[in-house]
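Below is one structure, written out as structure tokens; the observations come after it.
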Amino acid sequence: MKKAITYFRKLPLELIFWIGALIGILRIDPYSPHHFSLCPLDNLGFTWCPGCGLGRAMSLLTRGDFQESWSMHPLAMFAFAVIIFRIFELIRNLKTTKHYG
14 MKKAITYFRK LPLELIFWIG ALIGILRIDP YSPHHFSLCP LDNLGFTWCP GCGLGRAMSL
74 LTRGDFQESW SMHPLAMFAF AVIIFRIFEL IRNLKTTKHY G
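The sequence shown begins at 14 in my numbering and counts up by one.
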């Protein structure tokens, strides 16, 4: 157990954050009428937000519902690709600079 904790402490915080974000996206139920929101604009009572629906649209992408995802937020595919790319870049950087794996 101590060896695992030591290994995880060497991982970049950004990598842990993005992997956690993807796990959170996978756990979203996009078909639910009520959803939890971290959006500050939504919490302040504004009805419009440029990122509104992005998390649900990305969740729809993971379920293969591409047309519904596009109609909910057109930038979901781009955001998903950016997050995946960044995770791979962090892992590649970790392997090349720290000589892991």
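Virtual Cβ for every residue (Gly too), placed ideally from N, Cα, C.
What three-state label does DSSP hand residue i in the structure shown?
{"i": "residue 16", "result": "helix"}
{"i": "residue 82", "result": "helix"}
{"i": "residue 87", "result": "coil"}
{"i": "residue 26", "result": "helix"}
{"i": "residue 55", "result": "helix"}
{"i": "residue 45", "result": "coil"}
{"i": "residue 33", "result": "helix"}
{"i": "residue 50", "result": "coil"}
{"i": "residue 117", "result": "Within the shown structure, residues of the chain are numbered from 14 to 114, placing residue 117 beyond reach of any answer."}
Under the rule that 16 or more other beta-carbon atoms within 10 Å means buried, what is residue i, buried or exposed?
{"i": "residue 39", "result": "exposed"}
{"i": "residue 74", "result": "buried"}
{"i": "residue 45", "result": "exposed"}
{"i": "residue 63", "result": "exposed"}
{"i": "residue 50", "result": "exposed"}
Can you tell me the Cβ-Cβ gap for residue i and residue j, rounded? I've got them flagged as a contact below 8 Å.
{"i": "residue 103", "j": "residue 89", "result": "Actually they are not in contact, since the Cβ atoms of residue 103 and residue 89 sit about 21 Å apart, beyond 8 Å."}
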